[in-house]
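Below is one structure, written out as structure tokens; the observations come after it.
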Amino acid sequence: MELIELTVKEFAALTASDAPAPGGGSISALCGALSAALVEMVANLTVNKEKYKEYKEEMCDILNFVSNIRQKLLLAVDEDTRAFDKYMAALSLPKGSEERKQAMQEGLKEAAQVPLSVAETVCTLFPKLELALTHGNSNAVTDAMVGTMLARTCALGAIYNVRINLSSIADEAFMNELNQKCDALQNIAMEEERRLLSAISISGL
């Protein structure tokens, strides 16, 4: 059974167990999917409200765009674990063999590319989060704030998983390219979270 088919209770228990997966990569992807879900929630609570009729088109745009992002990030929960499993399978090959070395490198590259895609995907949510925060139903502003924090957590968690895999990859050009992408995505996630949350004023915070 795929991870995303588990109940929340089962998923949490499996994560807490001594099983090597799901780990931080899958959890990061899940955070991204939940961020997308919260953006959709805010849009759904806004789109047909008379008070926010001037923003209906924006909210419809959110709903049309974000549902695909949510699904992509949900699928990445299992993609990350499958990439890890592929690397673990390579470790079972005869030690010192060229086949093992090549399989390990291929596994590491895939294990780096999956979370990179997660980080790239979740960073596309920040413009929609901004709309949800500024034009969405004010009763759901904290939901949009949590979505913003989850997006940043997803991005950083995915980036850390990219970097840990890159540390064992022999292909220097591949490593440098992905490190540069990670640097850019990390800056986006950190800055966007700071910018969006600092623009929202809530009494007592």
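Residues in the sequence shown are numbered from 511 upward in steps of one, following my numbering. The beta carbon of each residue, even a glycine, is placed where N, CA and C say it ideally should be.
Beta-carbon proximity list for residue i, same chain, < 7 Å, skipping 5 on both sides
| i | result |
| --- | --- |
| Y597 | M614, G617, L618 and A621 |
| L715 | Caution is warranted here: a pLDDT of 48 is assigned to L715, below 50, making its placement in the model unreliable, and no coordinate value can be reported. |
| L513 | F521, P532, S536, V587, D588 and T591 |
| L688 | A622, L626, V672 and L676 |
| K566 | V557 |
| M685 | L676 and I679 |
Under the three-state DSSP convention, the category residue i falls into
| i | result |
| --- | --- |
| V632 | helix |
| K605 | coil |
| V579 | Strictly speaking, residue 579 in this sequence is Ile, with Val absent from that position. Three-state DSSP puts I579 in a helix. |
| M511 | coil |
| L715 | A caution first: L715 carries a pLDDT of 48, below 50, which makes its placement in the model too unreliable to give a value. |
| N558 | coil |
| P484 | This structure cannot speak to residue 484, because the chain is shown only from 511 to 715. |
| N647 | coil |
| G533 | coil |
| T652 | helix |
| I669 | helix |
| D590 | helix |
| S678 | coil |
| S538 | helix |
| S527 | coil |
Cβ-based burial, residue i [other Cβ within 10 Å; buried from 16]
| i | result |
| --- | --- |
| C664 | buried |
| P532 | buried |
| A523 | exposed |
| M700 | exposed |
| M569 | buried |
| E703 | buried |
| A599 | exposed |
| R705 | exposed |
| A683 | exposed |
| L666 | buried |
| G606 | exposed |
| A529 | exposed |
| V518 | exposed |
| A593 | buried |
Close Cβ partners of residue i (< 6 Å) along its chain, the five nearest in sequence each way excluded
| i | result |
| --- | --- |
| A586 | A539 and V628 |
| Q696 | I669 |
| S713 | Bear in mind that a pLDDT of 47 at S713, under 50, signals an unreliable position, so the number given afterwards is only what the model happens to contain. Excluding sequence neighbours, S713 sits near nothing in its chain. |
| R662 | A699 and E703 |
8 Å CB neighbourhood of residue i in its chain, flanking five on each side removed
| i | result |
| --- | --- |
| T631 | G542, I579, K582, L583 and A586 |
| V549 | I572, V576, L635, K638, L639, A642, A654 and G657 |
| D681 | Q615 and K619 |
First and last residue of the uninterrupted alpha helix (DSSP H) at residue i
| i | result |
| --- | --- |
| L516 | That residue, L516, is in no alpha helix (DSSP H); it is neither H nor E in DSSP. |
| I710 | Here I710 belongs to no alpha helix (DSSP H), and DSSP marks it neither H nor E. |
Just checking, does the stretch 559 to 574 make contact with the stretch 535 to 548 on the three C-beta pairs under 8 Å criterion?
no
So, do the stretch 555 to 565 and the stretch 643 to 663 have three or more beta carbon pairs nearer to each other than 8 Å?
yes
So, do the stretch 655 to 664 and the stretch 635 to 642 have three or more beta carbon pairs nearer to each other than 8 Å?
yes
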